[in-house]
Each structure stands twice: as C-alpha cells, then as structure tokens.
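For the sequence shown, the tail end lands on 382 under my numbering, and the numbers increase by one without skipping.
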Amino acid sequence: MPRKTRPVRLGPWIVGGGNPIRVQSMTTTDTRDAEATLRQIETLERVGCEIVRVAVPDQEAAASLGVIKKRSRIPLVADVHFDFRLALRSLEEGVDGLRINPGNIGKRANIALLAKEAKARGVPIRVGVNAGSLEKDLLASLGMSAEAMVASAKRSVELLEDVGFTDIKVSLKAYDVPTTIRAYQIFAASFDYPLHLGITEAGTKFSGAIRSACGLSVLLWHGIGDTVRVSLASNPVEEVRVGYGILRSMGLRSRGVEVVACPTCGRLEIDVEELGKQVEEALSFVEQPLKIAVMGCTVNGPGEARDADIAVVGGKDGAVLYIQGKPMAKLQKAQILERLVQEAKALVERENIEEKAPGAKEVPA
Ligand code: SF4
C-alpha cells in the first residue's frame, strides 16, 4: 500500500495523496539554448516523461525558462543551487516547480523569501538533499550518513513550515543505496510530505539502472515514493525508460511496451536478443500498456504467448505470431520484426487499452 502523503500540485499533476507515481527526468542540454532544450523535452515527453527538471546555473539560463515553459507540454522544474536569486527569477519566468539544495542555498532569510514568492504563485518547492553537498555543521556532527541527510531535510522543511509554506516535496539522495533507503525510511516515519525518489550519481546506463532499481524497489515496496527519477550518465530518454521499467516491475504503472524475452539457450530458433531490442526501439513511443513476448522456441513460447498481447515464438524456419493469445500466422524470419511492429500498432489503435496498474489513476482532489 502506498504511504498516505499530503497531495501537492505540480502543474497538471497532483503529486502524492495516492496519485500515480510520476516519472521525472532532467535535460542535459544547455538551458540557455531554449530550442535545444525544448527539442530534448519533446523527445522525453514522447517516451512518457511526466515532469522535467532543467538546470539553472546562471541568470541567462533563468531568462530562458519563460520560452521553455510556454512551449513545454510537461511541467517544468527549475534546479537551483547556490544563488537563491536564480530561484526567484525562475519563479518570475513561470516554472511549475522549484528544486533547491538546502546544503548550498544559503541563509534562512533567502529561503523564507523564496517561500513567499512560491506561495504567491502556487509553486511547490522540492527540498533536494544530496549526500554530496550536506551542510558543514551536519557533516561535522553526524558524518555523511542517513541521519545527517534527514537532519538537513528537516531543517529546511521546518523553516518552510515556519513561514507557512507546506507545498513541499522532499528527496534524500545518496550514491550509496543502503544509506539512501535508510534516509527515506527515517524521514517518511516523521513527515507526510510527498517524496521524490532517486539514487544520485547512480552511474552509467547499466550500473545506474541496477543501483536505481535496487534502491527504488525497496522503497516502493514499503509504499514510499511519489515521483521517481533514475539518474544515469546517459541520454535522459534512458532514465525515463528505466523509471517506467522499475514501476512496471513493481506493479505500480503499466505505461508503454513491456518486452518479455526468453533468456535464450541452445534450442533458440530466432534471434531473440536482437529482435527484443528492435521491438523496444520501434515501439518506444507507444503510450498504452502492451505486453509483447519474444520467445526462442516452443518449449516455453506458447505459454508466454498466451499471457501476452502479441507474441512471436521461434520454430522451424521462422516463427508463429500470436495475437491476444491465439496463433494467427506463420512468419518467415525476415518478416518477423515488421509484422510484429505492425500488429502491435494496429492492436493499440483497435483496442482502447488503458493503464490498469493500481497507481495509474489520478485520485480526485
Ligand atoms: S524459450 Fe526455448 S530458446 Fe528460449 S530459453 Fe526457453 S527453451 Fe531456450
């Protein structure tokens, strides 16, 4: 069961309060280049990104946010470090959310002023604690630990509360997975603010996906988490794909294509690995939940095919195509990919398939 958090509005979404867990990513373009940033946001949106964060390192980047906000179809969050004036400018440019790092945003008075301006605009603030940039006094007393991360978050949250600001989201990210898990668990035991999950500096596409899946799945299993971002040193499109993969594996979202592929063995009749990758790529923009099985032979193939929306099962000289569990056609090897993709697109158009996972529906406010 998801932990009951207080709902916070972020653009069109209500985050927390039992609403769908939203998938977030961050652009890698120079924010000062609005056109390049918008192109990347559009690509991210096409693969299902629901919230996008952009870095705001200077006033020129902040000035670019107005143009980006006007044309972005997903809510825009400004990521601000060191200089609270960049956060103020981001608010003026109309962003949907702010992320500040309590370890480097400076004086209490600055945060109070930000809270006032954000409140006037109905913009939430994420207190984004990062183990790599904790306040010096906390590092001195508690070391780099889950406790220090929670103390840092608590400080900023209580300061925001003191000035009457409660549209708060919190994240407590570390590179170390057990530390991250502990930090979220300790914080969640005392506060009901929605939590944004992530493992920071998780790594490259492969290692980062593993670290993120390990950390996020434990937290999600305990009902913790209202938005997720998988941080990868890779194209952010991969972050979105992995994010959905994790949520799908935990039964919390079912958006997009899920490819079930057998692990392959000496009985293999078709190139499952290549075909699986090609199918994922060709159907990466499909929004509806669709399970596609790519199976190497008839040992487990027909069984998996019965459970999938569409499947191909390798056989002598080709494969059998299954649609909604029924064998429909025999395909030559060269035809498999094209026909599979064509049938998947046709099925999506024909059937009004909706996300059915328990967390997929918005809870009325
Ligand atoms: S489905 Fe066939 S090819 Fe694939 S792993 Fe199982 S036995 Fe091997």
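Even glycine gets a Cβ: it sits at the ideal position worked out from N, Cα and C.
Only a predicted model underlies this, so the values are computations on that prediction, with no experimental measurement involved.
Quick one, are the C-beta atoms of residue i and residue j less than 9 Å apart?
i, j, result
"A325", "K308", "yes"
"R70", "M43", "yes"
"C314", "L357", "no"
"G331", "I287", "yes"
"E256", "L249", "yes"
"V146", "V187", "yes"
"E360", "I327", "yes"
"F182", "A148", "no"
"G242", "Y201", "yes"
"T221", "K190", "no"
"V25", "V245", "no"
"A322", "V276", "no"
"I85", "T45", "no"
"I38", "R270", "yes"
"R20", "G240", "yes"
"A219", "V247", "yes"
"V274", "L300", "yes"
Suppose you measure from the CA of residue i to the CA of residue j; what does that come to, to the nearest Å?
i, j, result
"E371", "M312", "25 Å"
"P29", "P92", "7 Å"
"S89", "G35", "26 Å"
"L130", "Q305", "43 Å"
"G283", "S224", "28 Å"
"R106", "V194", "34 Å"
"C279", "N317", "8 Å"
"S158", "L212", "25 Å"
"V383", "P344", "Outside the shown range of the chain (18 to 382) lies residue 383, about which nothing can therefore be said."
"M161", "V167", "11 Å"
"I203", "A170", "11 Å"
"L177", "E109", "20 Å"
"A206", "S229", "22 Å"
"F101", "G320", "58 Å"
"P253", "E297", "16 Å"
"L27", "V144", "14 Å"
"G83", "S173", "27 Å"
"P74", "F99", "9 Å"
"R138", "G215", "27 Å"
"L151", "K133", "24 Å"
"G33", "G123", "28 Å"
"R125", "E368", "54 Å"
"A382", "I31", "Here the model assigns A382 a pLDDT of 49, short of 50, so the residue's position is not dependable, and the following value carries that caveat. The alpha-carbon atoms of A382 and I31 are separated by roughly 8 Å."
"Y339", "Y261", "25 Å"
"A95", "L155", "26 Å"
"R56", "E290", "31 Å"
"K294", "E52", "30 Å"
"I68", "A163", "26 Å"
"L353", "T281", "Residue 353 is actually Ile in this sequence, not Leu. When rounded, the distance between both Cα atoms is 17 Å."
"K153", "I142", "23 Å"
"L61", "Y192", "24 Å"
"F208", "N127", "23 Å"
"T196", "I58", "31 Å"
My understanding is that residue i touches residue j, with C-beta atoms under 8 Å, so please give their C-beta distance in whole angstroms.
i, j, result
"V140", "L115", "6 Å"
Between the options, which has its C-alpha nearest residue i's C-alpha?
i, options, result
"K362", "V330, K347 and F302", "F302"
"A226", "I198, V259 and S207", "V259"
"A351", "Y339, E368, V329 and R367", "V329"
"G120", "L108, A165, I38 and K87", "A165"
"K87", "D113, E67 and P74", "D113"
"T22", "E297, D184 and G293", "D184"
"R272", "I31, G65 and P19", "G65"
"S266", "V289, Q295 and S234", "S234"
"S81", "T54, T197 and E59", "T54"
"G268", "L237, K294, V289 and Q295", "L237"
"Q349", "Y339, F208 and D334", "D334"
"G111", "L156, N118 and A79", "A79"
"I117", "Q76, L155, A51 and A72", "A72"
"Q76", "I68, N127, Q57 and D50", "D50"
Examine chain E for any beta-carbon lying closer than 9 Å to the beta-carbon of residue i, and answer yes or no.
i, result
"Q57", "Annotation note: the requested chain E is absent from the structure, which comprises a single protein chain."
*Taking the runs of the beta strand (DSSP E) that are 3 residues or longer, which of them lie wholly in the segment 91-132?*
93-97 and 114-117
*Which runs of the alpha helix (DSSP H) spanning at least 4 residues fall entirely within the segment 263-310, listed in chain order?*
289-299
*Return the chain-ordered ranges of every beta strand (DSSP E) run that is complete within the segment 128-175 and spans a minimum of 3 residues.*
142-147
_alpha helix (DSSP H) runs contained entirely in the segment 216-255, provided each spans 4 or more residues_ = Secondary structure remark: continuous alpha helix (DSSP H) runs of at least 4 residues inside the segment 216-255, in chain order: 222-238.
_Suppose only complete runs of 4+ residues qualify. What are the alpha helix (DSSP H) ranges in the segment 41-65, listed by chain order?_
51-63
_Within the segment 317-358, ranges of the beta strand (DSSP E) (whole runs, at least 3 residues)_ = Fully enclosed beta strand (DSSP E) runs of 3 or longer: 327-332, 335-340 and 343-349.
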